[in-house]
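Student:
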Amino acid sequence: MDKETFFQILPEFQEKGPVNVVKLAQRMNLGIYCSPMLNPAITGKLIRVKSEETKKFDKGAGWYLLMNRDRPAGVVKESIAYLIAKFVLTDLDGINLLSDSVRFRTKSIYTDPLESEINKLALEIILPDNLVKNEIEKGVYIHELPSLFKVDPSTLSAKFGYTVYPIDFWVNANKENEI
Numbered sequence: 000m001d002k003e004t005f006f007q008i009l010p011e012f013q014e015k016g017p018v019n020v021v022k023l024a025q026r027m028n029l030g031i032y033c034s035p036m037l038n039p040a041i042t043g044k045l046i047r048v049k050s051e052e053t054k055k056f057d058k059g060a061g062w063y064l065l066m067n068r069d070r071p072a073g074v075v076k077e078s079i080a081y082l083i084a085k086f087v088l089t090d091l092d093g094i095n096l097l098s099d100s101v102r103f104r105t106k107s108i109y110t111d112p113l114e115s116e117i118n119k120l121a122l123e124i125i126l127p128d129n130l131v132k133n134e135i136e137k138g139v140y141i142h143e144l145p146s147l148f149k150v151d152p153s154t155l156s157a158k159f160g161y162t163v164y165p166i167d168f169w170v171n172a173n174k175e176n177e178i
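With the first letter of the sequence shown counted as 1, position 45 gets the number 44 in numbering that gives the first Met the number 0; the numbers rise by one all the way through.
(1) Could you check the C-alpha separation between Met-0 and Val-87 for me, to the nearest Å?
(2) For Pro-145 and Leu-130, which I take to be in contact (beta-carbon distance under 8 Å), what is that distance rounded to the nearest angstrom?
(3) Please name the residue, chosen from Leu-147, Ile-46, Asp-69 and Asn-118, that lies closest to Tyr-81 on a Cα-to-Cα basis.
(4) Taking the C-alpha atoms as reference points, what is the distance between Gln-25 and Ile-31?
(5) I need the DSSP call for Lys-44, collapsed to helix, strand or coil.
(6) What would DSSP say about Asn-133, mapped onto helix, strand or coil?
(7) So, is Val-18 buried or exposed, given that buried needs 16 or more other C-beta atoms within 10 angstroms?
(8) Could you give the DSSP three-state label for Leu-64: helix, strand or coil?
(9) Do Leu-23 and Ile-124 count as a contact pair if the criterion is CB distance below 9 Å?
(10) Can you check whether the CB of Val-150 is closer than 9 Å to the CB of Leu-113?
(11) Buried or exposed: where does Lys-137 fall if 16 or more other Cβ atoms within 10 Å of its Cβ makes it buried?
(12) Here's the rule I'm using: 16 or more other beta-carbon atoms within 10 Å means buried, otherwise exposed. How should Arg-70 be labelled?
(13) Specify, as a first and last residue, the run of the beta strand (DSSP E) that Tyr-161 falls within.
(14) Which term fits Val-75, buried or exposed, when burial requires 16 or more other beta carbons within 10 angstroms of its beta carbon?
(15) Looking at the secondary structure, which residues open and close the alpha helix (DSSP H) in which Ile-141 lies?
(16) In three-state terms, what does DSSP make of Gly-30?
(17) Between which residues of its own chain and Ser-34 is the CB-CB distance below 8 Å, once the five residues before and five after are set aside?
Now the structure itself:
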């Protein structure tokens with residue numbers, strides 16, 4: 000799917016939250032499959048289907064997302080958005096294994112302009128500014144956004160510079176860590 004077409008269809012998936020990235024990927028003709036990964040740090044991979052026998056996985060685009068089923072759902076959602084953004088913004092000619100999502104939100108966003116653009120688009124896919132603004136205007140607190148949009152709490156840090164800590168961080172803090 001070309002960039003122009005993607006940006007035409009994206010708003011229909013962002014009419015209300017949470018954004019369903021699986022349906023978005025399917026609309027883009029990307030197959031999505033879950034499997035355990037040998038490297039637990041990898042949440043997903045974007046792979047081109049290249050042989051006739053593996054075409055059974057092909058949904059039309061010649062690419063599919065292989066996601067690590069052992070990672071938390073919010074992390075997988077974020078990685079699907081990242082891989083969709085990478086698929087849309089990268090020149091795919093001659094590439095078979097495009098990337099794995101272990102690079103998401105790494106220092107490469109500061110050194111690689113394309114990687115920075117991919118990260119911004121991925122975050123906008125799953126936390127669209129217009130939906131976040133609407134929720135805040137309705138009185139939703141920012142720390143409620145991860146559960147509302149079904150994303151990992153660390154996503155807020157990447158998008159807004161706001162960190163949501165689990166309650167046990169504060170309850171189980173020892174005296175040296177008290178604020």
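Here a beta-carbon is modelled for each residue, glycine too, at the ideal position from N, C-alpha and C.
Everything numeric in this text was worked out from a predicted model, so none of it was measured.
Tutor: Well, looking at it:
(1) 7 Å
(2) The C-beta distance from Pro-145 to Leu-130 rounds to 13 Å, too long to meet the 8 Å contact threshold.
(3) Asn-118
(4) 8 Å
(5) strand
(6) helix
(7) So Val-18 counts as buried.
(8) Strand at Leu-64.
(9) yes
(10) no
(11) With fewer than 16 other CB atoms across the displayed protein chains lying within 10 angstroms of its CB, Lys-137 is exposed.
(12) Answer is buried; the Cβ neighbour count reaches 16.
(13) No beta strand (DSSP E) contains Tyr-161, which DSSP labels as neither H nor E.
(14) The residue in question, Val-75, is buried, as its Cβ has 16 or more Cβ neighbours within 10 Å.
(15) From DSSP, Ile-141 is part of no alpha helix (DSSP H); its letter is neither H nor E.
(16) strand
(17) Leu-65, Met-66, Asn-67 and Arg-68
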